[in-house]
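Here the sequence shown stands for residues 11 to 374, where the numbers follow our numbering. No residue lacks a Cβ here, since even glycine has one placed at the ideal position from N, Cα and C. Quantities reported herein were computed from a predicted structural model and do not represent experimental measurements.
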Amino acid sequence: MTVRSPSVVAVAQLPPPVTGLSAVSQRMVDLFSERNLLLCVTNVGPPAGGPSWAKLPVRALRTATAAAALVRLKRLGAKTLYMPTDSQKGLALNIVIASIARWLGYQVVFHHHNFSYIDRYFPLMDRLIAAAPERTVHVMLCSGMHERFAAQYEKNWRAARAEGFVLPNAFMSSAATSVEKPINLTIGHLSNLTVAKGALRFIELFRRLREAGVDVSAEMAGPCHDEEVHTAIQSMIAAYPTSFQWAGPLYGAEKESFYRRVHVFVFPTAYPNEAQPLVLLEALAHGAAILATNIGCIGCDHAQAPGRIFEQEVFDEEAFTWLSEQAKHPSWQHRFTDHALAAFNAQRNESLSALSELLTRLER
11 MTVRSPSVVA VAQLPPPVTG LSAVSQRMVD LFSERNLLLC VTNVGPPAGG
61 PSWAKLPVRA LRTATAAAAL VRLKRLGAKT LYMPTDSQKG LALNIVIASI
111 ARWLGYQVVF HHHNFSYIDR YFPLMDRLIA AAPERTVHVM LCSGMHERFA
161 AQYEKNWRAA RAEGFVLPNA FMSSAATSVE KPINLTIGHL SNLTVAKGAL
211 RFIELFRRLR EAGVDVSAEM AGPCHDEEVH TAIQSMIAAY PTSFQWAGPL
261 YGAEKESFYR RVHVFVFPTA YPNEAQPLVL LEALAHGAAI LATNIGCIGC
311 DHAQAPGRIF EQEVFDEEAF TWLSEQAKHP SWQHRFTDHA LAAFNAQRNE
361 SLSALSELLT RLER
């Protein structure tokens, strides 16, 4: 039996810090390793902590190290470069790596994780497509992302004979083995707690529901380094000490417990880079309905999930109305749980099938 030699070089942002991008990148690297595909991995992410001005110089130095590794590893049998793409100025670093990979004869797989360069045209992304080898594979998170990306960069996409491949993030989560929710309606929000991610909108939604007489509790979780958000959280805790809680960052069993307590996960994000939030998949996997804004892949992914997806400009009013109505009918709890788990399992099965196909292709 012939033993396959590893041939994939991964150039990616890895934890810490833990973000959706770095978490998925780490999981992909682990999968390459498990399948004996991984020859080398180079972390080109920003330093954890430290001053913001140091991030770009550190990333530039790490990119230079990755470029040197591509040259060295080609002589050791490297064939494929796997690289999640950046946004903004980070795309310039991607172009350096892609250009060297093309010069050395690598096959290239890009993994896209944000919509900022899809919602509007980025010249650096156009240059990245042109700099990469022909027939580069672009891994997208949903079919809508693929279609809009190819249309936004149609000229170079066609010239490069690029290929789109849809791999949703649902392979990152597993359905909860048991789901037991509290009796009273509980809404939840977990993220890096910022204005852009919707923290203030969540707090205001809870306040309005309570003032309208709705018997609702709220749970927030995640790190908060935004002074405005932190002040609003403390104000709610003071006003509603038994029904509003903030847990800070949660991991492992504590995060699982958070999701199990939530009936409706509220995610009114306006974050420009938002693509396919893992928190929504995690909420579904624990039987929670979803209230979210239609941004990135959210509308495409969760149209069949329990809850509602609203446009930015109407979210606040529509979410308030929808939750007020749901609170009048206690039987909704069980419907949401079963529906959410079914929706998650459908997404996960699709994701696992696509993941298997991608890994098999890399083994050839």
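Q.
For a quick check, are the C-beta atoms of V34 and M182 less than 8 Å apart?
A. Cβ distance < 8 Å, so V34 and M182 count as in contact.
(Q) Tell me which residues share the same chain as E266 and place their Cβ nearer than 8 Å to its Cβ, disregarding the 5 neighbours each side in the sequence. (A) A186 and H296
Q. Given a threshold of 16 other Cβ atoms within 10 Å of its Cβ, counted over all protein chains shown, does P56 qualify as buried or as exposed?
A. buried
Q: Kindly indicate the opening and closing residues of the alpha helix (DSSP H) around T279.
A: T279 -> no alpha helix (DSSP H), and no H or E assigned at all.
Q | the stretch 293–310 contacting the stretch 346–353, beta-carbon criterion three pairs below 8 Å | A | yes
**Q.** Length at least 4, wholly inside the stretch 312–363: the alpha helix (DSSP H) runs in chain order
**A.** If one requires a minimum length of 4 residues, the alpha helix (DSSP H) runs lying completely within the stretch 312–363 are 325–336, in chain order.
Q) Are the beta-carbon atoms of R270 and E229 separated by less than 8 Å? A) No, the pair does not count as a contact, with Cβ atoms beyond the cut-off.
Q | Enclosing alpha helix (DSSP H) for V257 [first to last residue] | A | The question names Val, but residue 257 in the sequence shown is Ala. No alpha helix (DSSP H) holds A257; DSSP gives it neither H nor E.
Q) Quick one, which of E327, Q322 and G198 has its alpha-carbon nearest V276's? A) G198
**Q.** Inter-stretch contact (C-beta, 8 Å, three-pair minimum) for the stretch 233–248 and the stretch 193–207
**A.** yes
Q: Note down the Cα distance separating M11 from D96, rounded to an integer number of angstroms.
A: Here M11 scores only 43 on pLDDT, less than 50, and its place in the model should not be relied on; the value that follows carries that caveat. Distance between the alpha carbons of M11 and D96: 40 Å.
Q) Over what stretch of residues does the alpha helix (DSSP H) that includes E238 continue unbroken? A) E237 to A249
Q | Closest by C-alpha distance to F125, when choosing among A160, P233 and R358 | A | A160
Q: Give the DSSP-derived three-state secondary structure of V205 in the structure shown.
A: coil
**Q.** T90 - DSSP class collapsed to helix/strand/coil
**A.** strand
Q. Among T347, Q322 and T73, which residue has its Cα nearest to the Cα of G208?
A. A check of alpha carbon separations from G208 across T347, Q322 and T73 identifies Q322 as the nearest.
Q | Residue environment, N446, which counts as buried when at least 16 other CB atoms sit within 10 Å | A | As shown, the chain starts at 11 and ends at 374. That puts residue 446 outside it, with no answer to give.
Q.
So if DSSP puts V224 in a beta bridge, which residue, or which two residues, is it bridged to?
A. According to DSSP, V224 bridges with nothing at all.
Q.
According to DSSP, simplified to helix, strand and coil, what is E367?
A. helix
Q: Give every residue of the same chain whose Cβ lies closer than 7 Å to the Cβ of R14, excluding the five residues on either side of it in the sequence, and list them in chain order.
A: Around R14, the same chain offers N46 and E373 as residues with beta carbons nearer than 7 Å, after the five sequence neighbours per side are excluded.
**Q.** Assigned secondary structure, G174 (DSSP; H/G/I helix, E/B strand, else coil)
**A.** strand
Q: Taking the CB atoms as reference points, tell me whether A22 and L177 lie closer together than 8 Å.
A: no
**Q.** Burial state of P26 (16 or more Cβ within 10 Å)
**A.** exposed
Q. Going straight from the alpha carbon of L83 to that of S109, what length do you get?
A. 16 Å
Q: Would you tell me roughly how many angstroms separate the C-alpha atoms of Q244 and I305, rounded to the nearest one?
A: 29 Å
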